Structure formats: structure tokens, C-alpha cells
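Novice: Chains as they are written, first to last, in my numbering: chain A, -2 to 337; chain B, -2 to 337; chain C, -2 to 337; chain D, 9 to 108; chain E, 9 to 108; chain F, 9 to 108. Don't be surprised by glycine CBs; every beta carbon is placed ideally from N, CA and C. Predicted, not measured: the structure shown is a model, and the values here were computed from it.
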Ligand SMILES: Nc1ncnc2c1ncn2[C@@H]1O[C@H](COP(=O)(O)O)[C@@H](O)[C@H]1O
Ligand SMILES: Nc1ncnc2c1ncn2[C@@H]1O[C@H](COP(=O)(O)O)[C@@H](O)[C@H]1O
Ligand SMILES: Nc1ncnc2c1ncn2[C@@H]1O[C@H](COP(=O)(O)O)[C@@H](O)[C@H]1O
Ligand code: NA
Ligand code: NA
Ligand code: NA
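1. Count the CB pairs spanning the stretch 277 to 288 of chain B and the stretch 159 to 179 of chain B that are closer than 8 Å, and state whether there are at least three.
2. Which residues does DSSP pair with residue 38/D in a beta bridge?
3. Can you check whether the C-beta of residue 22/E is within less than 9 Å of a C-beta belonging to chain F?
4. Just to confirm, does residue 52/E get its C-beta within under 8 Å of one of the non-hydrogen atoms of ligand 2?
5. Under 8 Å by Cβ, that's how I've got residue 176/B and residue 48/B pegged, so tell me the actual separation to the nearest angstrom.
6. Answer with buried or exposed for residue 71/B, where buried requires no fewer than 16 other C-beta atoms within 10 angstroms of its C-beta.
7. Are any of the Cβ atoms in chain D nearer than 9 Å to that of residue 100/F?
8. Using the beta-carbon of each residue, which ones in chain C are nearer than 9 Å to residue 342/B?
9. What are the boundary residues of the beta strand (DSSP E) that includes residue 67/E?
10. Taking Cβ-Cβ distances shorter than 9 Å, what residues in chain D pair up with residue 50/E?
11. If you follow the alpha helix (DSSP H) that residue 241/A is in, where does it begin and where does it stop?
12. Quick one: which unbroken beta strand (DSSP E) runs of 3-plus residues sit fully inside the stretch 115 to 141 of chain A? Chain order, please.
13. What are the residues of the stretch 269 to 286 of chain C that lie near chain B, defined by any Cβ-Cβ distance shorter than 7 Å?
14. Output, in sequence order along the chain, the residues in the stretch 83 to 94 of chain D whose CB is closer than 7 Å to any CB in chain B.
15. With a cut-off of 7 Å, give the chain-ordered residues whose Cβ is closer than this to any heavy atom of ligand 4.
16. Which residues in chain C sit within 7 Å of residue 40/B, going by Cβ to Cβ distance?
17. Return the Cβ separation of residue 248/A and residue 272/A in integer angstroms, given the expectation that the two are a contact with Cβ distance under 8 Å.
18. Taking residue 90/F as the reference, which of 78/F, 14/F, 69/F, 21/F has the closest Cα?
19. For a test of the three-state rule: what should DSSP assign to residue 16/E, helix, strand or coil?
20. Could you list which residues in chain B have their beta carbon closer than 7 Å to that of residue 5/C, in chain order?
21. Kindly indicate if chain B contains any beta-carbon less than 9 Å away from that of residue 182/A.
22. With residue 94/E as the anchor, note down where its beta strand (DSSP E) starts and where it stops.
23. Less than 6 Å between C-beta atoms, sequence neighbours within five positions excluded: which residues of the same chain meet that for residue 337/C?
24. Closest to residue 178/B by C-alpha separation, out of 227/B, 130/B, 213/B, would be which residue?
25. Terminal residues of the continuous alpha helix (DSSP H) containing residue 301/C?
26. Please confirm whether residue 33/D has its beta-carbon closer than 9 Å to some beta-carbon of chain B.
27. Under 8 Å, with one C-beta from each stretch per pair, do the stretch 64 to 80 of chain F and the stretch 299 to 315 of chain A reach the 3-pair mark?
28. Would you say the beta carbon of residue 20/F comes nearer than 8 Å to a heavy atom of ligand 3?
29. Measuring CA to CA, which of 86/C, 230/C, 216/C is closest to residue 303/C?
30. What residues in its chain sit with their C-beta under 7 Å from that of residue 15/C, if we drop five residues either side in the sequence?
31. Tell me whether residue 44/F sits in a helix, a strand or coil according to DSSP, three-state version.
32. If you follow the alpha helix (DSSP H) that residue 333/A is part of, which residue opens it and which one closes it?
33. Please name the residue or residues paired with residue 146/B in a DSSP beta bridge.
34. Would you decide whether residue 98/C is buried or exposed? Buried here means 16 or more other CB atoms lie within 10 Å of its CB.
35. For residue 51/B versus residue 180/B, is the C-beta distance shorter than 9 Å?
36. What's the C-alpha gap between residue 33/C and residue 172/B?
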């Protein structure tokens, strides 16, 4: 794979309606427009996107054997332990962060951003290839990174880890997990035939609302990210380095392990998007409740103001190019047909 | 019709995305997930569903003669008088409820639940048959049951019935009535041709949003129902019996009278769903304003915590099996083609 | 073009789902129904409509030359100066309004109502013809009328015009302008091919949500307009005359100049709708902030209670008939194919 | 700043009472009010049942005499059957003639 | 619990004034505020016209002196032309140094 | 109208604390509360970061003694790390037995 091809992917991504919508949102905030995306519409769309992703996955699940699923699942659990742990210790030793702030940032980077995950699916759809139906399960497993990061933080602060039960329960029943897994199960039960009658609403293909709704959602995410971007000065160049390097490193790891575990090109790339993304709602809320002394201006600004735009504009296409190269030149993974 | 067939219907219903979505919502609440369905999205979808039902009915109205409509309408008015009256006197004599509580429960069971009504339409769509275009009118007429129940309550409490004018006005102009009838009229005026251009949004068939949106809505209804379910202990086994037996009895009555009045299989079943359902928004608000001394934990928990889940999981398929048996083996009613 | 044909257009417009939805909303309010359209749903749909209009325009932009765009743009800027100026001086001299009230009304009538604009697009779609892709740009330019009206008001009140910079900035970055122009740019970049995959959500044709969503939106607008209608007594017959004559005069001007500038039938008519419409959100907010002494019961009731219903029920079809006559009998403008 | 002390009555009530309470307030002499949406919990627990609507929190600035009349009215017509909480305290305003 | 008495100023205003009022408050010495969305009715009735937006209810804990300054400022710049209601009363807080 | 003076405690806090604070209030003796959603700004500025959720404004009518206990509890467990503002003042109610 040559540079020209990578640039081609970058360019195609930049000119996709998803990326352009995100940029429009950023510009709207930067020019101080009074444009406003209603909060409840945001929440409803987030609800819809996660459920739709689960549902689409479930429908494709037919025929999945335990073998094809077991390795990717193990790999994802491994990442959910490795990534927050690595973040935590890098921040503690290289960045000399205190325990609470290191654990806070690790919780965000060690778990999943729904938007980046959904945008990753959008990239795969744009490329007109498919991915494994069980991918939503991997996203749900990856959420466990939050628990690992909070565990390190509590250990470091020598606070009793008894309250960790509550965090475990909250992570297991968190909204994304319930919607992804619930959608997956429903999709698996109703199958292609049951799905046909609700495909207009839920399908990720050109016949369904998914992609268009994601475009609207990304306008709002652009506005949110740009608001955090303004805080950038307070965070400084070190977090800029962290917030742009980490997603690439984690994403490359995700793609590589994913491809080696037998995932297809599409699946390995989406695992890269999962691994490379940083949470900006669920993990921050958990961190705020657990380590109130950690500074939200550090963890939220990095995740929302730096890593989110970086991933949408540069990270995802770069990871896609990497996964493509890996799959074609090294591992030889499968390429699934779109919507299949 | 054999038991096997009834079980087949039950099973097909349980595995429909509508029922599964409702169950997902219940589970989400029972495992204390933080999943949240924005209130305004709920209200907007309720608005959309009623208007879409009216519109679809209106488009099918072409060719309806006064004769085909008159008997079903009369039968529905009869049910709107009979059902709340029967509920009221059963609760007064058998259950020994005081006047206010008896009238309160009667108002809910004697009127219509929009969700059960919409789910009934979903069942008909799943079965791939059609129903009469004027069905939304019957749902609007059935709302009059509220007035009848409040009338009995006021009589029992010897409060002057002068304020009943306000209740009548509010029932006639209630949101469901306006949207159903407004949609119906618009549908009738624009006809098939005008509808084609807005079918993606409003159609109940596979080309429209209706069914998918109903799936999302039912997740929320499952969450609401499960929250009320928790109150179950306060209501006790007597209301459990009432809340599960009444919908079947009322539904069977609805189906039977419907079929006898000339309705098709689909139409008679939807009338059963209308008759067998218990209101959980409009009637409770009217009861609260009229009989504040009635205990909401009785009427709301029965309607929302018992009857709604019962109907969606068991009541509707049982009533569908009954209506099918009735139509095929006894009355010989018509079977309309889907979307016609 | 004969009277019969005009009546035909009037009638076809009255029986379109868009108009009927508006009337349904008005009736719902007049019979004091408790029907309620959630505020955030309203805002989200307004957001969607403007963005979708921009996007559809952008996709059609391919092949537009500077020449075909320059004249219509100039004509629109001319209208944005002329219309508020004319309104202001008519109100000052004929109606003997004080400065603040004259400037306030001029700001509303001299700028654009998104709903009337969207409804104008709906009329064109109903007529099954197309319009120029750059039309959203004209709507954005027409918003500048606000600034002109506020300028006259400040001049009349001898308040320093220094704060006008803020008004200019706010108009340039107002939500409609950003969404229309942002959508246009994105549409132009992604082109037909990129649009195909999100067409279900954004297309104005029968395969997209646009028209159906507009129907829902118009129910709410009918309710809002009817609430203002109640204030009518306070405004009096003079504003009734103004609120019904002005849109026709301004619209005829818009259609004429539009057709002369080379616009197609569809484009000239939409420019008529833009010119003939009166703003009811953005301009009022600007007027309230700039001339608090102006009486909102005058400017809002005229715009929302009189001109909006007048335009939707009578103004638009009359203007369409005029534009058709003009195009066929006088100017000989092009007729673009629908969706092209 | 010259200020006058008047009464601020705050009423928290079930949503269904909204229109009725506002009419009552008007009749009793209140010349304005401010309404917010709230949720709540009390000894009766009504608001937990009314999942589809929220409670209202109504504030009205009135003369002390009107304040007393409002409390008495609530006591007589609402406190027994409905979930209504009310409290009153003194506040200082400029331009008292707008409110009393 | 040791508490200090400071002033709570509550301002109810048209939504369009939101940003302007917050800037004013900052300039006059308020170090924080809390904002809710409300609807309302008064002698002027502006809020009924502005159907597309709600009013804001701003609360700010300030020293008595700053409270007076805020009232005077509202009186001078807003009370004549805009729909603005304001009242002030004493409240007790812990950690007064956060607010004054 | 016979009224009794009791305390009204108002707490403004980050949304994530909602459940925890309500449990605390219950344990400390509050028998009811009213909650609204607000946004705000203070010296810490936490609420600006939490873009996806609002703050809560909790009002609870309690006996003066319980009011003191609530303030002390907030002081001990929240004021250092969390964005929490609280104030208390006297109000008059009918039927004090419902609240204290
Ligand atoms: N002690 C209290 N403090 C604040 N608000 C209360 C209190 N008690 C009741 N409320 C409010 O009044 C409503 C009705 O209370 P209740 O009638 O006691 O159930 C509740 O939902 C709360 O919003
Ligand atoms: N007496 C009052 N009590 C409470 N709020 C009021 C009162 N009068 C006015 N308001 C509030 O202030 C706003 C503007 O009042 P006004 O300028 O009198 O129309 C109203 O919309 C209410 O929210
Ligand atoms: N002086 C103040 N007046 C009113 N509310 C305040 C004040 N200071 C803080 N708040 C509220 O308390 C929250 C947290 O404040 P802080 O911890 O100072 O950032 C803010 O977001 C405001 O809602
Ligand atoms: Na990650
Ligand atoms: Na019923
Ligand atoms: Na205009």
C-alpha cells in the first residue's frame, strides 16, 4: 500500500458527509453562531444509534460460530485491561500526573466513545464493505476499561475498593451496553425477515436512516468538541501530544490484534476505532463520582476537544489505511460484503 | 383452530421486534440501568403515532360506505358505555371498592391505551393482513368511556354533574382524538396519491417509519411499565386478577361484537385491542382532577404495571387467536389485504 | 392563464397535506385541545429542515455557472434593501407608526420566515418541477433585511449605530444562515453520489423524510399561529390590511425580479415566497433586543397570526399562479425537472 | 436603592392543577407569576405515579394580605386531597406597585 | 454550623437578555449564578409573545452591597423597557468567601 | 392563616450527585424535596465541563435542626471536592407536621 492510497483514503474520509458535518458543527461554534441542537434530541439520537448498531449486528449474527467469536472477544478483553493500564502508568511516570488525574484520563482513553464507534461504522459503510455481526459485543466488552482504570486509581489512593461493586454494576448496565446488547439479541431473534419491516428506521445501508441521522448527530458533536477546544490553553501541549498519539497507538494495537484474532478487514478496523477512541460521557461521569479531585478540564478537554476531532478527521482514515495495508499485505484477513 | 396454532401466534408475537423491545425496556429498568428515554422524544413519538394511524386510516377510507361504518361505530359506542359501567359495578360489589377508586379504575379500563392500540395495529401488520380505514374513528369513540366512568363516580359521590361539561369537552378535544380524527380527515382528502409523497414518514408498511418508531417507543413503555411493576406489592393479588382477566373479557367482547358488526378479521381484532386496553395517560389525568381522593397507586399500577405488559405479551396474541378462530369458524368475516 | 387555472392551483394547494396539517393545528388550538408539540422537537425539526434544504440545494449545484447565479443574487440583495425600507417608510408615513414600531415590523417583513420558505419548496415539489440549487443562498442573503430595518430604526431614534456590528455578526452567523450555507457546501462537496446514501433522511423527493417531517412541523406552526390569532383584536384592521397586502406585493416583486434575473419557474416562485414571507423567530428576537420599546403584540401578531396563515393558505398559491402566468406568458423562463 | 418588603408565595403542585391554580391566583389578587417544571417527593408520593408529566413550581409576588388569602385558599381547597406544598417568605423589591 | 448571612438576588427576565444580564452580573461583582428556565405572566405580558423561548430565572448569592448595586442597575437599564422582575432576600451560607 | 416558621434548604449540585444527595437528605431527616434542572457558573466552573447533563437544584423544607445537620453534612462530605452550593432561610408554612 502506497502513500498515495493512504492520502486517497484520508481525502475520501474528509469529503464524506459525516466528517463534513462534524466540521460544520465546529465552525458554527467557532464563529459563535446561535445554532442550537436540542439536548433531548441529542440524547434520543444517541439512544437510537446504539440500539440500531446492536440490531444491525444481531441480524448479521446468523451463522456465527463460537470459534469465530471467541478470539476477537478475548482480544477485546485483553485490550480493555491493557489500554487503561498502559495509559495510567504512562501518565503517572512519564507525565508525572497524580493518581486521581492519571486514573481519570486512563478511564476515558481506556473505554469507548460511542460517536467514534458509530463514525467507524460509517467509514466501513462508505468503503462499501461489511463487518462481523458480533462487533457490538466487542464495543460492550471494551467498556470494561473504565473499571480497570478506576481500580488502579483506588489502589493508588489506597481507598477501599469495596465500592467497586457499584462501578461494575453501573458499567454492566450502562446505557450503551444495554442498548448494544439488547439490540443485538433482538436482531438475532428477529433475523433478516423481521428486520426487513423495520429496516427503513434502523438499517445502516442506503435504505435506512442510520447514516443520515449520524450526519445530524455529528453536527452537534462538532459544536460540543469546539466548545472544549476553547479550553485547550489550560491543557497544554503535553496533553495535545497524548491526545493525538494515544488514539493512533491504541488503534494500531486494536487493528493488529483484531486482524490476528481472525476478524475481517471491516471488523478489525472497527475494533481499532473502539480501541483508539476516548469516552466523553459515561467514563467522565464515573470519574467525577469516584475521583472528584481529578480535574475535568484535563480529562474532558483531552478526550472531547483533542482526541474526538483528531479521530474523526485524521485518526480513523489513518487507522483504516493501516488496517487495509495489514489485511492485504500481512495477515490476509477476509473482506465481508456490505450488509452481510 | 387448534391449540398448536394459538401457541404459534403467541410465539410469533413474542418474537416480534415490538414485543422484544418492550421486554428490553422492562429488563433495563429491572437491572437498574441508567438508560434514559428523553421525555420530549416520548411525547413527540406519541404525537406522531396517533397522527400516522389516523392518516393511514384516512387513505384507506375511499370507498367506505355509511353502512359498513355505522354498525361498527354503534358497537363501539355501546362498548364505551358498557365496559366502564361493568368495571365500575364489579369493583363496587365484588371488590368492595369505594366510589372514587371504583370510578377511577373504571375510567382507565373503560377507555383506550394508545400504545396497546398501536401495538394491535403492529400485530395486524405482522400477520400481513389489512383493516378498515375507519378504525381510528372507533378508537376515538372508545375514548368516551372516560366520561361514562366519571359520570358513575359523580353519581355515587352525589357531586353535582355540572362540571361534566368540561370533561366532555376535554375528551372530545383530547390529543389522541384530535390527532386520530385530524389525520383521518387529511388522509381521506389527500388520498393514495397525496400520501405517496409522505409515505416514508407515515406508512405503516415496510416502506415507512411507523413500525420502527413503534419499536423505539416500546422500549420506553417497557421501562415505564417496569417502574410501576415495582409498586405491585401495594396493589395485591386482587388487582392482579382484575388486571389480567379484564382485558381478556373486554377484548373478547370487542372482537365478538366487532366481527358481528361486519368488521374484517383485522378490524375486529383491533377493536378487541381497543376494548381490552387500559388507558395510562389521558384517563389518569382526568381521574386525578375529578376524584383526587382515589388512590393512583391502585389505578395506575393496575393499568401500567399489570395490564399493559400483560396485553403486549399475552393478551394481544390470545385475542388475535380468538378473533381468528371466531372469524374462520363462526362468523366468516372478511380478510382484507395488507395496506388495503 | 385563466382564473379557472388559478382557482385550480388554489384548490390543489388547499388540499395538499402541508396546508391541511397547518389547518389541523389551527383548529386544535381554536377548540382548546390539550395537544402539545414538544418544544425541543420543534427546534430539532427546524434545524433539520434548514440543513436539508441547504443539502438538497448543494447537490443540485453542480454545473451552476457564476453567470446564472450572479443576477439572482444581486436581485435578492436589492430586495433585502428595498423591502424593509419600503415597509419602514410606509409604516411611518401612511400608518403613522413611531420609529421603533415601524422598524420592528419592517425587520420582520423585510426578512424570511423559514416555514414559508420550506412550504414554498413544498409547493414546488407538489407541482413536480425543480428549482435552482443555489436557492438556499438567496434565502440566506434575504436575511440581511433585518440589518437594513434595524439601521433605519437606529437612524430614526438617533441611537449610535455602533452596536450594529453585533447585529451584522448575529445575522451572518444566525442559525438559518449557517445551516443553509453549511448544508449547501456539504451537498456541493459530496454530490449526487454521496447524497444517495443519506437521501432517505434528507431528500425532498418522495424517497426522503423532508416532506413528511414538514407536515408534522406545520401542525405545530398552525397551533402557534392560532394562538397569536387570538391577539388579533389588539392589532386591528389596519395591520390586517398590511399583513395580507404586503406579502402579495413583496411576493409579486420577488417573482418578477426573480424571473427577469433568469430564474426558472420554480426558482422565481421560491424567491417570491422568500420575499413575501415575514420572519417570526430570528427577526423578533433581534427587534426585542434592539428596540424593546416596540410592541411585540403588533409585530408578532401581524407576522405570526396574520401573514403566516395568509401565506400558507392563500398567498403561496396566488403567488404560484402569478409566477406561472409570468413565466409562461411574459418572460418565458425555464422549467426545471423535479429533483434536478 | 429604595426597596419595599412584600411576600413571595411558592407553590409546588401536581401538573394537572396548573391551570386551576393560576385562575385561583388571579382571582385572589396576584398580578403575575413565574412557573418552572420540577419533580419531587413528599409524604404522599403522588408525583412518582405521574410519570408522564412533571409538577409545577409557581412563584408569585404579592402583598402580605393576598399571601395570607392564597394560603387559606390552598388549605381549604387543595391540601386535603392534592399533593400541594406551599411556603411564604418576605422579599424586597423595587417598584412594589407592579405586584401588589 | 457557623453560617453567614448574605443576599440572594433572584432575577426573572426575557430569554433574549440572558447573556447581557450575566455579563452585567459579572461586572457588578457576582462570582457565580444559577439559571433555570421558567415561563411566566406579569402586567406586561411579554413572555406570552415569545412562544419560541422561555424566560430565565437567575439566582445569584452576593454581598448585600453588590445586591443593592444589581437592583440599581436593573432599575436603570431594564425595568422601563424590558420584562424583568427582581427580588432580594437574606439567606445563610457556609463559606461566605466563595460568594462575596 | 396560622403559619409556622421552618427552614428551607436549597442545594445546587452537579447532576452526578443527585441520587447520593437525595439518599443523604432522607437519612438526615428530610421528608420531602423538590428538584429542578438548572445550569450555572461558579468559582470552580465544573458545570461548564459537564455539557451532557445539567445541575440539580434541590429544595427541602425541614426543621431548623435538620437544616443545620444538612449544612454540616454537605460541609463535611461535599464542599471540598464537589461543586455544591447551599443556602438556607426561614419560610412560613401551614401544616408544619408534614415537613418536620
Ligand atoms: N419537605 C419538603 N420539602 C420540599 N418539597 C416538598 C416537601 N414535601 C413535599 N414537597 C413537594 O411537594 C410535593 C407533594 O408532596 P406530598 O403531597 O407530601 O407528596 C412533592 O412531590 C415535593 O415536590
Ligand atoms: N407578581 C409576580 N410574581 C411572580 N413573578 C412575576 C410577577 N410579575 C411578573 N413576574 C415575572 O416577571 C415576568 C415579566 O413580568 P412583566 O414585566 O410584569 O410582564 C413575568 O413573565 C413573570 O415571570
Ligand atoms: N454566587 C453564586 N450564586 C448563585 N449560584 C452559585 C454561586 N456560586 C456558585 N453557584 C452555583 O453552584 C455551582 C457550583 O459552583 P462552584 O463550585 O463555585 O463552581 C455553580 O454552577 C452555580 O450553579
Ligand atoms: Na479506547
Ligand atoms: Na378499554
Ligand atoms: Na420578507
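Specialist: On the basis of the supplied data:
1. yes
2. None; residue 38/D has no bridge partner.
3. no
4. yes
5. 5 Å
6. exposed
7. yes
8. Here chain B comprises residues numbered -2 to 337, so residue 342/B is not present and cannot be evaluated.
9. 63 to 70
10. 39, 40, 41, 42, 106, 107
11. 229 to 257
12. none
13. none
14. 89, 90
15. 80/A, 106/A, 107/A, 108/A, 109/A, 139/A, 142/A, 247/A, 271/A, 272/A, 273/A, 274/A, 275/A
16. 33, 35
17. 6 Å
18. 21/F
19. strand
20. Within chain B, no residue comes near residue 5/C; the closest Cβ sits about 15 Å away, beyond 7 Å.
21. yes
22. 92 to 101
23. The predicted model places residue 337/C with a pLDDT of 48, which falls under 50 and marks its position as unreliable; any figure quoted below should be read in that light. Taken in chain order, the residues that qualify are 127.
24. 130/B
25. Unbroken run through residue 301/C: none, as it is neither H nor E.
26. no
27. no
28. yes
29. 230/C
30. 116, 119, 211, 212, 215
31. strand
32. Per DSSP, residue 333/A belongs to no alpha helix (DSSP H) and is neither H nor E.
33. DSSP, once it has assigned bridges, lists no residue as partnering residue 146/B.
34. buried
35. yes
36. 8 Å
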